[in-house]
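For the record, the sequence lines run as chains B, V, D, E and P. Residues 42 to 310 (my numbering) are what the first sequence spells out, left to right. Residues 910 to 1170 (my numbering) are what the second sequence spells out, left to right. Residues 910 to 1170 (my numbering) are what the third sequence spells out, left to right. Residues 94 to 344 (my numbering) are what the fourth sequence spells out, left to right. Residues 94 to 344 (my numbering) are what the fifth sequence spells out, left to right.
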Amino acid sequence: GSAVSVLAAGSLNDALENGLRERVDQRVTVESHGSARVARLVAEGQKDPDIVAVADVALFESTLRPDWYAEFATNSLVLAYDADSQGGRRVAAAGTDGWWQPLLDGDVSLGRTDPDLDPLGYRTLFALELANDHYDTETDLRAAIPDPAQLYPETQLVSQFETGAIDAAFTYRSMAVDRGYAFLDLPAAIDLGDPSLADQYGSTSYELPDGTVVSGAPISYAATLRHESGAANAVFEALIGDGYLTEFGFTVPEAYPRYTGQPPDGVAS
Amino acid sequence: MASRAETARGPDWLAVATVLGALLLCYYVLPVLSLVASQPPDVVLSRLDDPDVVGAMTTSVAASGVSTAVGTLFGVPLAYWLARTEGRTETLLTALVVLPLVLPPIVSGMVLLTVVGPDTVLGGFAATGGLPLTRSFAGVVLAQTFVASPFIVVTAKAAFEGVDDQLEAASRSLGKSRATTVRRVTLPIAWPGVLAGVTLGFARAMGEFGATIMLAYYPRTMPVQIWVSFSTAGLSEAFPVAVVLLGVAVVSLVVLNALGT
Amino acid sequence: MASRAETARGPDWLAVATVLGALLLCYYVLPVLSLVASQPPDVVLSRLDDPDVVGAMTTSVAASGVSTAVGTLFGVPLAYWLARTEGRTETLLTALVVLPLVLPPIVSGMVLLTVVGPDTVLGGFAATGGLPLTRSFAGVVLAQTFVASPFIVVTAKAAFEGVDDQLEAASRSLGKSRATTVRRVTLPIAWPGVLAGVTLGFARAMGEFGATIMLAYYPRTMPVQIWVSFSTAGLSEAFPVAVVLLGVAVVSLVVLNALGT
Amino acid sequence: MLELDSLETRYGDFTFGPVDLTVGEEVLAVLGPSGSGKTTLLSTVAGIVDADGGSVTLDGRDLTGRPPETRGTGVVFQDGALFPHMTARENIAYAASATERVMELATLLEIDAVLDRTPRALSGGERQRVALARTLAADPDALLLDEPLSSLDAPIRRRLRLELHDLFDSLDIPVVYVTHDQRTASALGDRIAVLHDGQLEQIGPSSAVLERPATPFVARFTGSENVLDARVVEAGADGLLLGVGAGQLST
Amino acid sequence: MLELDSLETRYGDFTFGPVDLTVGEEVLAVLGPSGSGKTTLLSTVAGIVDADGGSVTLDGRDLTGRPPETRGTGVVFQDGALFPHMTARENIAYAASATERVMELATLLEIDAVLDRTPRALSGGERQRVALARTLAADPDALLLDEPLSSLDAPIRRRLRLELHDLFDSLDIPVVYVTHDQRTASALGDRIAVLHDGQLEQIGPSSAVLERPATPFVARFTGSENVLDARVVEAGADGLLLGVGAGQLST
Ligand SMILES: [Mg+2]
Ligand SMILES: [Mg+2]
Ligand SMILES: [Mg+2]
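Dropping the structure here:
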């Protein structure tokens, strides 16, 4: 039969391409864009995939409103650094407990993505705000560290980082693992990776240009099945269930997959 | 005339021009060279064993070939017609041909989706007929044709305008149809310009990414494959594939030009 | 000759060609029309009050203007030089000029970063001199020039090749320097072709997105602004900006052609 | 026989015709200054431009609205309009049905020696000979010539004019020869038609037109010098009193 | 005085020269078949192509390696090389330092009437006259002509040849006139140089070269017919026994 089409968040691309694909017998075509774009492309009818997977549950509550969805993995923020650069080595030396100090000192060129365009962008701001309390810093990190000059579109951020133009960048753990970056794991209290800390994360927020306010929440990947068929159902099951995700830097909590709304009978059996 | 030796020389403009031209050439070559040089040949060659890369290569060459052929088949008549039309109609229609160039390819792709997408009349009709216009080879060709064929039209039009239309009148009064006239008189004279346009169009089609990714994504072309490699594994995976693309494109262009002359 | 009336007519190739050309034109126009028609004029006009859109418009026109000027200043001499060079050197160097067309623009941007990025010799030097080559107007110009100027070079080269080089020999033996010769003899004769190339280059620069977003992102050009609008608010925000881009591009192209002729 | 019936063509502001004209197996020289519509006349008859009214008939076949290639009207253009990418031989062979015909015409027009040259390498006279050979190779039912001698230098023009005269005599088809040169018109035309501003001013045997111009324009254009500008001063039963310059003249 | 000293130019397989040549205030006709290097000779002297060896001196100035525009060598090209986007007047004015010079040359070359035509509207003879006027307008110190008559029809060629003869007489500069036509060479050249395969075969006063060809090539090319292909059959003390065709000849 024809291939099962998956439209997925860019950060899932490696896991789906190189993990999921070889675990299923069905032919799968994976297409990836930024999560926000994935949601818009489907919402506005420009793409009509069998399965949609996004990096932020919020997109399933706002832009795209499927009847049901399954959360199937979490991701966390890490601070990737370029071990070949002086700034990068400073970050590494400061370690999990002190990484913010060299950033404050200004001798690290930091990169992050645009909070207006990209969940990774505002999640970085959340992490900085959460770090204030966690490390009990004197300076407000969320106010002191960000600088518009650090902003890049995601593609450019990665290219800049990989070509050594940036010493350190906030990124998803999965991405750092996929690409073999050197990175610092951040404490669970600030890395947005632990669903049990949802309330704590929720104390932070960011206002998008259109006035929408997004609140801090665990980075939870969600997927929905839009067109049921034997093949699509099987691929969906594999996508949300199989253990391949941890190999690619994701975390699959005990409670996952977790359903919101009523999945059809063929799913979640 | 003894004063001849004193003829004002001023700055040596030829040298200045050569330097300017050489600088631009360097600006083209340096990045490409840096790309090629940074990839060890064996790494590049190993990509030729990757079935994804080979598939993308095949799709790229085939789709660029088809969209160049389509652009030529439809575009050369359009160019001819524009060249033989005068006044406001010509200006207006030529402007329409340039419009696709002005749109960023991703926007072109989005807009094309509103015309040939799966839930449009055209797209739905074609899909039920077994030829889906998106996520298909046809989608790749449609995207590439939209973005690349205007170069064929604009360049071929300039070439046709260089052919004296009295030669066509002469041919026809000798009893030859317009088709024969174009084939044996106009096209041979305009050929170098038409071929230059076809070359530009093919090259642009090979490099097309934005509209392709909106309209098709599958089957993957080389630019999409580079994108996938980049987004799964970063530059170190993407650049070797880009070098393969360059190699394939150069070979194709050489073949195209050899066939064309 | 009574048999004249029976001269084989066959299919009416002119009609066939006209239909082919018209179909392609429709393929260009339909999406653009669908884009423009879907946006109520007042929605489009309201975007002209948005400082982001106005800023992007200014950046786009200014940067495309500068990169077209740079492409012309550097590219026309290169085109002239290529046209007057023969044999393998010409083939090889022309191939180099076409290479930037073959690379997907995002890849071009990535590769350019390896040459003019902030941590490269060139980029670092320029940045300390106060002219950063990325995330700056200069970055936009560099991206657009890389992607768009090859069209100027290839088209102008074809135009120069149409000028008999004996005319240049004649001019110089009349005591005119090569600069004067090019200015008063070669360029005037080749002008329509050169102008066509400049038009193509400007249009392509206006639509440039992939390399620009890699090299600059800020200041935002219209294509970047369209992308930002789409990512933050979807098609309903992006398409009106795209219509503004089309309008601005058409006006600029008309002005460019009026200035050029 | 070539018949033009109320033939009319409009080009922007310029209107050619309506013109009625019949040309038998003879040479009609159409004489007129530049801008008088000579080329429009030929182009309309040959179908290179579309007529806006009237009809063209050749040997009884109605040509109106037909494409040029089916009309059988051979045209020789002012500068030859030779195909630059073909040799002289290829130019002629393009129109000829057989190779023998090429050689035959080359001999007739004395261009055997230059058959393998490209148009660029031909002299002006050679170019026009090749163009003529090419047109004749298509076996036209009527021959239309658009000032084929005007770009030639005087000596070669005189010589080719003589040869054309003999050639036209040997052809048994209507020949329309358009020129702005009165001498060429009288040397080649059995009849002369004078064209002015898109209208036929006079038509008749060459000698008649040149000796008895019907209008002041014809007189002036064909070189008669005894035309005066006059105004009617007084019109009586016995004739007109005309004012000419400062004097008067009565008829 | 124009002096060529061991001048040599290579074009792929073809080598022109080395040639030594001195041209005073006279007309040197360079006669040779196509491919013999005539155009290369002129181009090298004018600096349009670079010499690979030797030197060119004009009135004592060493021209070697200089760009064409500083040489003072005026060139008239085979087909005129008129600038197509300029009228005849503009072509001449392009080279002239003053408007009066344009009118003066137009009168000298009898082209006053066609000054406002574009090159396309000129006859072949007019074109070459304009080209000549344009070259003279630059006040050259030497005049180089590359078969300027070869694309003209015979009658106009003969006439222009006569005029050129008088014109050259009135110029007090070296004139090098390149042609493949023996008649033109002898009509115009004070001396004739015969070029063959890039080498000077013979040079001397016109009559001498034509009457006493120094080599079989010169004899054959200048039209002497008494050259025979022969092979040495026997060489004895009293002379050679040559085989010619089927017969024999002893010297
Ligand atoms: Mg036109
Ligand atoms: Mg060349
Ligand atoms: Mg020659």
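Where a beta carbon is used, it is the ideal one built from N, C-alpha and C, also for glycine.
Nearest candidate by alpha-carbon position, reference residue i, set the options
{"i": "residue 149 of chain E", "options": "E:102, E:125, E:179, E:302", "result": "E:102"}
{"i": "residue 164 of chain E", "options": "E:278, E:298, E:251, E:237", "result": "E:237"}
{"i": "residue 954 of chain D", "options": "D:1170, D:1092, D:1155, D:1015", "result": "D:1155"}
{"i": "residue 216 of chain P", "options": "P:263, P:232, P:140, P:242", "result": "P:242"}
{"i": "residue 106 of chain B", "options": "B:94, B:116, B:114, B:113", "result": "B:94"}
{"i": "residue 1075 of chain D", "options": "P:97, P:99, P:118, P:170", "result": "P:170"}
{"i": "residue 172 of chain B", "options": "B:139, B:305, B:220, B:47", "result": "B:139"}
{"i": "residue 267 of chain B", "options": "B:243, B:307, B:67, B:103", "result": "B:307"}
{"i": "residue 278 of chain E", "options": "E:265, E:250, E:182, E:263", "result": "E:250"}
{"i": "residue 123 of chain P", "options": "P:229, P:223, P:240, P:187", "result": "P:240"}
{"i": "residue 293 of chain E", "options": "E:311, E:304, E:247", "result": "E:311"}
{"i": "residue 137 of chain P", "options": "P:307, P:108, P:199", "result": "P:108"}
{"i": "residue 298 of chain B", "options": "B:113, B:275, B:170, B:277", "result": "B:113"}
C-beta neighbour in chain P for residue i, strict 7 Å
{"i": "residue 175 of chain E", "result": "no"}
{"i": "residue 1102 of chain D", "result": "no"}
{"i": "residue 986 of chain D", "result": "no"}
Cutoff 7 Å: residue i Cβ touching any chain E Cβ
{"i": "residue 1071 of chain V", "result": "no"}
{"i": "residue 1081 of chain V", "result": "yes"}
Any chain D beta carbon closer than 7 Å to residue i
{"i": "residue 267 of chain P", "result": "no"}
{"i": "residue 943 of chain V", "result": "yes"}
Residue i burial status per 10 Å Cβ neighbour count (16 or more: buried)
{"i": "residue 1161 of chain D", "result": "buried"}
{"i": "residue 87 of chain B", "result": "buried"}
{"i": "residue 1126 of chain D", "result": "buried"}
{"i": "residue 303 of chain B", "result": "exposed"}
{"i": "residue 127 of chain B", "result": "exposed"}
{"i": "residue 158 of chain P", "result": "exposed"}
{"i": "residue 1034 of chain V", "result": "exposed"}
{"i": "residue 106 of chain P", "result": "exposed"}
{"i": "residue 219 of chain B", "result": "buried"}
{"i": "residue 229 of chain P", "result": "buried"}
{"i": "residue 1080 of chain D", "result": "buried"}
Any chain V beta carbon closer than 7 Å to residue i
{"i": "residue 51 of chain B", "result": "yes"}
{"i": "residue 1065 of chain D", "result": "no"}
{"i": "residue 168 of chain E", "result": "yes"}
{"i": "residue 185 of chain E", "result": "no"}
{"i": "residue 54 of chain B", "result": "yes"}
{"i": "residue 15 of chain B", "result": "The structure shown does not extend to residue 15 of chain B, since chain B spans only 42 to 310, so no value can be given for it."}
C-beta neighbour in chain B for residue i, strict 7 Å
{"i": "residue 1045 of chain D", "result": "no"}
{"i": "residue 1042 of chain D", "result": "no"}
Relative to chain B, which residues along the segment 1123-1136 of chain D have a C-beta separation below 7 Å, given in chain order? 1123, 1126
Selection of the segment 201-232 of chain E by Cβ proximity to chain P, strictly under 8 Å: 213, 214, 215, 216, 217, 218, 219
Counting Cβ pairs closer than 8 Å, one from the segment 298-311 of chain E and one from the segment 152-166 of chain E, do we hit at least three? Taking 8 Å as the limit for Cβ pairs, the verdict is that the segment 152-166 of chain E does not touch the segment 298-311 of chain E.
Residues within the segment 153-185 of chain B neighbouring chain D, beta-carbon criterion of under 9 Å: Considering only beta carbons, the part of the segment 153-185 of chain B lying closer than 9 Å to chain D consists of 155, 157, 158, 159, in chain order.
Touch test, the segment 961-978 of chain V against the segment 1133-1143 of chain V, Cβ-Cβ under 8 Å, three pairs minimum: yes
Could you tell me whether the segment 189-199 of chain B touches the segment 138-148 of chain B, using the rule of 3 or more Cβ pairs below 8 Å? With a cut-off of 8 Å, the segment 138-148 of chain B and the segment 189-199 of chain B do not count as touching, because too few Cβ pairs lie within range.
Residues of the segment 238-261 of chain P with a CB closer than 7 Å to any CB of chain E: list them in chain order, please. Listed in chain order, the positions of the segment 238-261 of chain P with a beta carbon within less than 7 Å of a beta carbon of chain E are 244, 245, 246, 248, 249, 252.
Check each residue of the segment 1011-1040 of chain V: if its Cβ is closer than 8 Å to any Cβ of chain D, include it; give the result in chain order. 1011, 1012, 1013, 1014, 1015, 1016, 1017, 1019, 1020, 1021, 1023, 1024
Whether or not the segment 1060-1073 of chain D and the segment 981-999 of chain D are in contact is what I'm after, with contact meaning three or more pairs of Cβ atoms, one per stretch, closer than 8 Å; do they touch? Look at the beta carbons and you see the segment 981-999 of chain D touching the segment 1060-1073 of chain D: at least three pairs across the two are nearer than 8 Å.
Can you list, in chain order, the residues of the segment 1139-1159 of chain V whose Cβ is nearer than 7 Å to any Cβ on chain B? 1140, 1141, 1142, 1143, 1144
Determine, using beta-carbon pairs with one atom in the segment 115-127 of chain B and one in the segment 227-240 of chain B, whether at least three such pairs fall under 8 Å. yes
Does the pairing of the segment 1082-1093 of chain D with the segment 1117-1125 of chain D give three or more beta-carbon distances under 8 Å? no
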